[in-house]
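S.K.:
Residue numbers (this note's numbering): 4 to 505.
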C-alpha cells in the first residue's frame, strides 16, 4: 500500500490546519525538553506560564468549529483504506477527545506539571515527600476531572489508559498482569534457589562522564539512531522527545552504575529510531510517529533488552568498552553477559532486570488505581508503596527518594501510563518471534555489528506505519495475532534459565 498522502483540497486544508497546531505544540515540547535538560531552575515559574499559554492556544485551535468542518470535508474525499482516511480517523479521535476537556483545565494541568517537575526533583533530592504531596494531590484531582470529562464505562482508569493505549481498559491490564505474575514469581524463585550466583559488582565504580557519553553515543549510532536528526543529552529521568521526523532527541543519565547510562541510552534510542522511522511525507501530520505507548515501549525494550543484553551484542562492543575503561580488562564475555542480566529484586524500576520489571509496573498500576478511586490517600502513598514492594519484591525502601518519589510520571499528570511498559515487554518478544520466523535469527549479525537487517524489518513492519492503523490492528497485521504473553514468557524463561544454568 502507498504511504502517500493525497492532494485533494480538503486534505490539504486539514493538513495545513494541523501544521499550525503542530507548530504551537512543538514550541511547547521544545520548552519542556529544555526544562529537563538546560533551563536554569529559577525560570520554572515563567516557563509554567509559557507552557500553559501555548497549550491553551493549541487546544483552542484544535477544538474550534473550523477544525471540525475540515475533518468532515476531508472525510468525504478520503478513499477507503487510504492514508488520507487514516489521517482523518486519527485527527477525529484527537478532536473528539480534546473537545471533551475544557481549555482552562488543559492550561492548568500544563502549568501545574511544569512547577510539579521542579518540586518533584527537589523533593526527591531532599527525600521530602511531604513537601510534594499537596501538588501531587492536585495533579491526581485534575486527572480525575479529565477522566470524568472524557467519560468511561467500567472504571475511571479506562478513560486515562485509553489516552496512551487506544482501546485498552483497566480489565485488560489486570488480565495481562494476572497472566505473567505467577510465572515470573516462579522464575525468580527458581533462579534464587537453583541458579548459579552472578556477580555484577564490577559495574559499579567511578566512570568518567565524558567517556560514558562517548561510548553510549557509539553504540546507539551503531544500532541505527541517526545523529543527523537527533542528539543525546542528560536529564534526571531519561526520556525521548521529538517535534519532527528530522528532530528526535534522547537523554540519558550517568551514575556510578555503568549499566544505567548504557542501557538507558539503548532504551531511549529505541524510542528515537521509531520516531525517526516514520515516512518523511507524513511529517507534522496527525499520523506521524509511534501509534501507542505500548508499541513504543516494545521498541525501547527490544533494543535495550533483546539486542543490548544479548551476548552477541557484547561480542562486538565489550572490546570497545574495555578500551574505554581498561579496569574491565579482566572481565570475561560470559561474566559480563551474566552481570548485565543479573536477576535481583530491587527498589528502582528503571534499573530493574527483565524478570522483575513487570512487578514494578504492577505496583504502580495498583497504586494509581487506588488513588483515582479514592481508596488511597496521597498522604498514605509512601507507606502503601513500601508495603507493596515488601510483598511483591521482598525489598523495602528505606526512604521515599528510592520509593514513591523515583518516577517523574505522576508529577507530569501521566496517570494511566504505566501499564504500557508491561505491554511493551510482551510485544517486544512477540515482534521478535515474528521477525525470526520471517528473516531468521539475527544474533550472529549482531555479533558482527550488523544491525541493519533488524532495523529494516522493524522499519518496514512498524516504524513506517506510523499511526495508520490502530495499535491492536498493527499488532495483528505484523504478528498475525493479538497481543499476548506466550512469546514473552517462552522467550524470557528460556533466556534466563540458560544464563543461570538451571
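We put the CB at the ideal spot given by N, CA and C, even for glycine.
As the structure is a prediction and not an experimental result, all values here were calculated from the model.
#1: CA-CA distance, residue 204 and residue 309?
#2: Across the stretch 215-230 and the stretch 250-268, are there enough close Cβ pairs to call them in contact, namely three or more that are closer than 8 Å?
#3: DSSP three-state label for residue 159, please.
#4: Compute the distance between the beta-carbons of residue 176 and residue 164, then report whether it is under 8 Å.
#5: Give every residue of the same chain whose Cβ lies closer than 6 Å to the Cβ of residue 384, excluding the five residues on either side of it in the sequence, and list them in chain order.
#6: Could you tell me how far apart the beta carbons of residue 32 and residue 114 are, in whole angstroms, since I believe they sit closer than 8 Å?
#7: When you compare only the Cα positions, how much space is there between residue 179 and residue 149?
#8: Between 442, 458 and 120, which has its C-alpha nearest residue 44's C-alpha?
#9: Decide if the stretch 386-398 is in contact with the stretch 300-308; the criterion is three or more beta carbon pairs, one per stretch, under 8 Å apart.
#10: Within the chosen definition, does the stretch 235-247 reach the stretch 193-202 through at least 3 CB pairs nearer than 8 Å?
#11: State the Cα-Cα distance for the pair residue 363 and residue 16, rounded to the nearest angstrom.
#12: Measuring CA to CA, which of 473, 469, 442 and 447 is closest to residue 459?
#13: Quick check on the DSSP output: what are the complete alpha helix (DSSP H) runs of length 4 or more inside the stretch 184-263, in order along the chain?
#14: Cα separation between residue 58 and residue 135?
#15: Quick one: using the 10 Å Cβ neighbour count with 16 as the cut-off for buried, is residue 22 buried or exposed?
#16: Going by DSSP in three states, residue 471 sits in which element: helix, strand or coil?
#17: Using 8 Å as the threshold, is the C-beta distance between residue 116 and residue 14 below it?
#18: Along the chain, which unbroken stretches of the alpha helix (DSSP H) at least 4 residues long are found entirely within the stretch 377-462?
#19: Do you know offhand how far residue 504's Cα is from residue 496's?
#20: Here's the rule I'm using: 16 or more other beta-carbon atoms within 10 Å means buried, otherwise exposed. How should residue 393 be labelled?
#21: Using the three-state DSSP reduction, which class does residue 92 fall into: helix, strand or coil?
#22: How many Å lie between residue 133 and residue 152 at the Cα?
#23: Could you compute how far the alpha carbon of residue 55 sits from the alpha carbon of residue 182?
M.R.: On the basis of the supplied data:
#1: 22 Å
#2: yes
#3: helix
#4: yes
#5: 407
#6: Not quite, the Cβ-Cβ distance comes to about 16 Å (not below 8 Å), so this is no contact.
#7: 25 Å
#8: 120
#9: no
#10: no
#11: 46 Å
#12: 442
#13: 212-226
#14: 24 Å
#15: exposed
#16: coil
#17: no
#18: 384-396, 422-442 and 446-450
#19: 12 Å
#20: exposed
#21: helix
#22: 29 Å
#23: 41 Å
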